[in-house]
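Residue numbers (our numbering): 32 to 500. Beta carbons: idealized from backbone N, C-alpha and C, even for Gly.
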Amino acid sequence: MIHRDAWRTAKQIAACILVPGLLAAYAVSPGARAKDNPEEFIAKFMRDEHIPGLSIAVVRDGVLFAAKGYGMADLETNTPATAATVYKTASLSKMVIADAVLLLAQDGKLSLDDDVTKYLPGRPENWKGITIRNLLTHTSGIVRDPPEYHPYQEQAIADVIEATYPVPLKFPPGEGWLYSNVGYYILAEIVTKASGEPWDRFIAAKLFAPAHMTSTRTTTAVEIVPNRARGYQWTDGRMTNAEDWIAIRPSGAFLSTVLDLAKWDAYLAHGSPVSTANRKLAWTPATLKSGKQTTYGFGWGIDSFLTHSRIHHNGQFPGFRSDYERLDDGKLTVIVLANSDRANLESFALKIAGFYDRGFSIPPFRLSAEAPASAKIDGGPLSIVITAKDEGSVAPDSVVEMEIWDASGKAVYKQNQANENFAMGETRSYRFSWTPAKTGRYSVNVGVYGHGWVPSYAWKLDAAAIVVE
Numbered sequence: 032m033i034h035r036d037a038w039r040t041a042k043q044i045a046a047c048i049l050v051p052g053l054l055a056a057y058a059v060s061p062g063a064r065a066k067d068n069p070e071e072f073i074a075k076f077m078r079d080e081h082i083p084g085l086s087i088a089v090v091r092d093g094v095l096f097a098a099k100g101y102g103m104a105d106l107e108t109n110t111p112a113t114a115a116t117v118y119k120t121a122s123l124s125k126m127v128i129a130d131a132v133l134l135l136a137q138d139g140k141l142s143l144d145d146d147v148t149k150y151l152p153g154r155p156e157n158w159k160g161i162t163i164r165n166l167l168t169h170t171s172g173i174v175r176d177p178p179e180y181h182p183y184q185e186q187a188i189a190d191v192i193e194a195t196y197p198v199p200l201k202f203p204p205g206e207g208w209l210y211s212n213v214g215y216y217i218l219a220e221i222v223t224k225a226s227g228e229p230w231d232r233f234i235a236a237k238l239f240a241p242a243h244m245t246s247t248r249t250t251t252a253v254e255i256v257p258n259r260a261r262g263y264q265w266t267d268g269r270m271t272n273a274e275d276w277i278a279i280r281p282s283g284a285f286l287s288t289v290l291d292l293a294k295w296d297a298y299l300a301h302g303s304p305v306s307t308a309n310r311k312l313a314w315t316p317a318t319l320k321s322g323k324q325t326t327y328g329f330g331w332g333i334d335s336f337l338t339h340s341r342i343h344h345n346g347q348f349p350g351f352r353s354d355y356e357r358l359d360d361g362k363l364t365v366i367v368l369a370n371s372d373r374a375n376l377e378s379f380a381l382k383i384a385g386f387y388d389r390g391f392s393i394p395p396f397r398l399s400a401e402a403p404a405s406a407k408i409d410g411g412p413l414s415i416v417i418t419a420k421d422e423g424s425v426a427p428d429s430v431v432e433m434e435i436w437d438a439s440g441k442a443v444y445k446q447n448q449a450n451e452n453f454a455m456g457e458t459r460s461y462r463f464s465w466t467p468a469k470t471g472r473y474s475v476n477v478g479v480y481g482h483g484w485v486p487s488y489a490w491k492l493d494a495a496a497i498v499v500e
């Protein structure tokens, strides 16, 4: 039975389709500068990354706060992107398949510690010992992608899985971590066998319908889907139509909207039948046999952002990108879908969060570099001093990077210092070195990033210049 708050939330979400502006109530102080304007930030990001269209939804404590589309869903028909635009969500599908598995486990239809041999009788001998839990957490050792996946053909899931049987495991089950799309093919097959109905129908009936996700469905290239966005790629300085895959990938199966994914977030907060214990399990990083902790749970990435918990996932298909950021246990969720496959939506979504709650604001950094103006090709290593000053909030577990670019803009050398914990107002200096291999003019570029290189806090081009003779 769905919690009464979930029904209320669904109504609120449906009403917000007509919200005229996404960021009308963002957190901003009087006299804010132009760079504090989120609309300008979004427009610049889309220009810089050559994104035709994107849609954003922001959810607070399980209730939709705002939603809006930007740019174009279809350039040929001049159709604007809206909050109701339908995109390919790619690997956001993994969180949904994981929930289907948890429902079946709660109903006693399967156990998370079941061996895959129970569901795949023809599996190779070295797959013995791989459990459903291993598949959910990418600790099975199975390769990332199936060798016989053909995106332009309809394929039975079982055939794709069986094509992977001859491929050796990358490591014994539970002893390593490797993102595996094949693992989620297998989970879809297990959902089918354990539930007695096709995995996509089970998910539609048991998850999408109760969550009122009326615009979410499996990907199709042939059926008419109202409000569908066309995917694009920026290639050789021009926009082109992206290739359109026909085959359904359980690892990235669904079409959806930011409004429907906001309903999904409300469902997670108020209405999901998944027990509190199982939800906690899904949002806890898996631990390897060695005791080392991973950064992945059941269909979700588990991480931190500044001093906040971060539950997240992203996705990529030809012509599409997606990102889902759930911060501070659902205090704030940002969902972004785009019809371009080149954009870094993770950094973008986390920066959007800062416009709504200053506690999530990206700390501003002042960056500089000191380097010799000239050098000899046979003069040995050059000493370069990078200085980074945190002019905002604390920035734990940060990465400071130096990149050396040649005159064409190609990076020829990179060096970084990770695990840096900046206090508010703190200045840190780093002595890096570089040995030139060719003559020419080079630029020193400096960046500061969050944990795991996400998000980008600051980036300074041409912090110093070096002429090598």
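1) Using 8 Å as the cut-off, can you tell me whether the region 190-210 makes contact with the region 141-159, which would need three or more C-beta pairs spanning the two stretches below that distance?
2) By DSSP, does residue 81 sit in helix, in strand, or in coil?
3) Below 8 Å on the Cβ atoms is my contact criterion, and I expect residue 285 with residue 250 to pass it. Report the Cβ-Cβ distance as a whole number of Å.
4) Could you compute how far the alpha carbon of residue 229 sits from the alpha carbon of residue 222?
5) Taking the CB atoms as reference points, tell me whether residue 117 and residue 317 lie closer together than 8 Å.
6) Answer yes or no: do residue 225 and residue 125 have a C-beta to C-beta separation smaller than 8 Å?
7) Check the Cβ-Cβ distances between residue 79 and every residue of chain C, and say whether any is below 8 Å.
8) Compute the minimum distance between the beta carbon of residue 280 and the heavy atoms of the ligand FAD, and state whether it is under 7 Å.
9) Under a three-way DSSP split, which group does residue 149 fall into?
10) So which of 178, 161, 475 and 271 has the shortest CA-CA distance to residue 207?
11) Within a Cβ cutoff of 7 Å, which residues of the same chain sit near residue 214, ignoring the five residues on either side of it in sequence?
12) Using beta-carbon positions only, say whether residue 211 and residue 164 come within less than 8 Å of one another.
13) Under a three-way DSSP split, which group does residue 233 fall into?
14) Alpha carbon to alpha carbon, how far is residue 104 from residue 290? Give it in angstroms, no decimals.
15) Return yes when the Cβ of residue 473 is within less than 8 Å of the Cβ of residue 497, no when it is not.
16) Under the assumption that residue 87 contacts residue 383 (Cβ atoms under 8 Å), give the Cβ distance between them as a whole number of angstroms.
17) To the nearest angstrom, how far is the alpha carbon of residue 429 from that of residue 398?
18) Taking the C-alpha atoms as reference points, what is the distance between residue 380 and residue 411?
19) Give me the residue from 454, 464, 205 and 389 with the minimum Cα distance to residue 445.
20) Cα-Cα, which of 328, 243, 396 and 204 is closest to residue 321?
21) Restricting to Cα atoms, I'd like to know which of 315, 304 and 299 is closest to residue 363.
22) With DSSP as the reference, label residue 143 as helix, strand or coil.
23) When the Cα of residue 217 is compared with those of 263, 264, 282 and 478, which residue comes out closest?
24) Between which two residues does the beta strand (DSSP E) carrying residue 417 extend?
25) From residue 504 to residue 418, what does the alpha carbon distance come to, in whole angstroms?
26) Roughly how many angstroms lie between the CA atoms of residue 459 and residue 73, to the nearest whole one?
27) Could you spell out where the alpha helix (DSSP H) holding residue 214 opens and where it closes?
28) Sorted by chain position, which residues of the same chain lie with C-beta nearer than 7 Å to residue 360's C-beta, five sequence neighbours on each side aside?
29) Relative to the alpha-carbon of residue 257, which residue among 350, 369 and 113 has its alpha-carbon at the smallest distance?
30) Starting from the C-beta of residue 325, find all residues in its chain whose C-beta is less than 6 Å away, skip the five residues before and the five after it, and write them out in chain order.
31) Are the Cβ atoms of residue 270 and residue 106 separated by less than 8 Å?
32) DSSP three-state call for residue 377: helix, strand or coil?
33) Under three-state DSSP, which class holds residue 393?
34) If contacts are defined as beta-carbon pairs under 8 Å, then residue 121 and residue 347 qualify, I think. What distance do you get, rounded to the angstrom?
35) Pull up the CB-CB distance for residue 313 and residue 336, whole angstroms please, since I reckon it's below 8 Å.
Taking the structure as given:
1) They touch, by the three-pair rule.
2) Taken through DSSP and simplified to helix, strand or coil, residue 81 comes out as coil.
3) About 7 Å; that satisfies the 8 Å criterion.
4) CA-to-CA, the gap between residue 229 and residue 222 works out to about 8 Å.
5) Contact annotation: residue 117 and residue 317 have beta-carbon atoms that are not nearer than 8 Å.
6) No, these two residues do not count as a Cβ contact at 8 Å.
7) Among the chains of the structure shown, chain C does not appear; only one protein chain is present.
8) Absent from the structure shown: the ligand FAD. Ligands present: none.
9) Three-state result, residue 149: helix.
10) Nearest neighbour of residue 207 by Cα position, chosen from 178, 161, 475 and 271, turns out to be 161.
11) Contacts found: 166, 169, 171 and 173.
12) Remark: C-beta atoms of residue 211 and residue 164 do not approach each other more closely than 8 Å.
13) In the structure shown, residue 233 sits in a helix (DSSP, three-state: H, G or I).
14) In a straight line, the C-alpha of residue 290 is about 15 Å away from that of residue 104.
15) It is a contact, given that the beta carbons lie within the stated cut-off.
16) With 8 Å as the limit, residue 87 and residue 383 qualify as a contact, their Cβ atoms being about 6 Å apart.
17) Distance between the alpha carbons of residue 429 and residue 398: 14 Å.
18) Approximately 43 Å, taken between the alpha carbons.
19) Taking residue 445 as reference, the option from 454, 464, 205 and 389 with the minimal CA-CA separation is 464.
20) Nearest C-alpha to residue 321: 204.
21) The candidate whose alpha carbon is nearest that of residue 363 is 299.
22) Secondary structure at residue 143: coil, using DSSP grouped into helix, strand and coil.
23) Ranked by Cα distance from residue 217, the first of 263, 264, 282 and 478 is 282.
24) Following the DSSP letters along the chain, one finds residue 417 inside the beta strand (DSSP E) bounded by residues 413-421.
25) Since the displayed the chain opens at 32 and closes at 500, residue 504 lies outside it and no answer follows.
26) Their backbone Cα atoms lie some 31 Å apart in a straight line.
27) 212-226 is the extent of the alpha helix (DSSP H) around residue 214.
28) Taking C-beta separations shorter than 7 Å and ignoring five residues to either side along the sequence, the partners of residue 360 in its chain run 340, following chain order.
29) For residue 257, the closest C-alpha among the options 350, 369 and 113 is that of 113.
30) Correct list, in chain order: 208, 316 and 317.
31) Taking 8 Å as the Cβ cut-off, residue 270 and residue 106 qualify as a contacting pair.
32) Note: residue 377 maps to helix in three-state DSSP.
33) DSSP places residue 393 outside both helix and strand once states are collapsed to three, so it counts as coil.
34) Rounded, the Cβ-Cβ distance is 5 Å, consistent with contact.
35) The Cβ separation is near 19 Å, so there is no contact.
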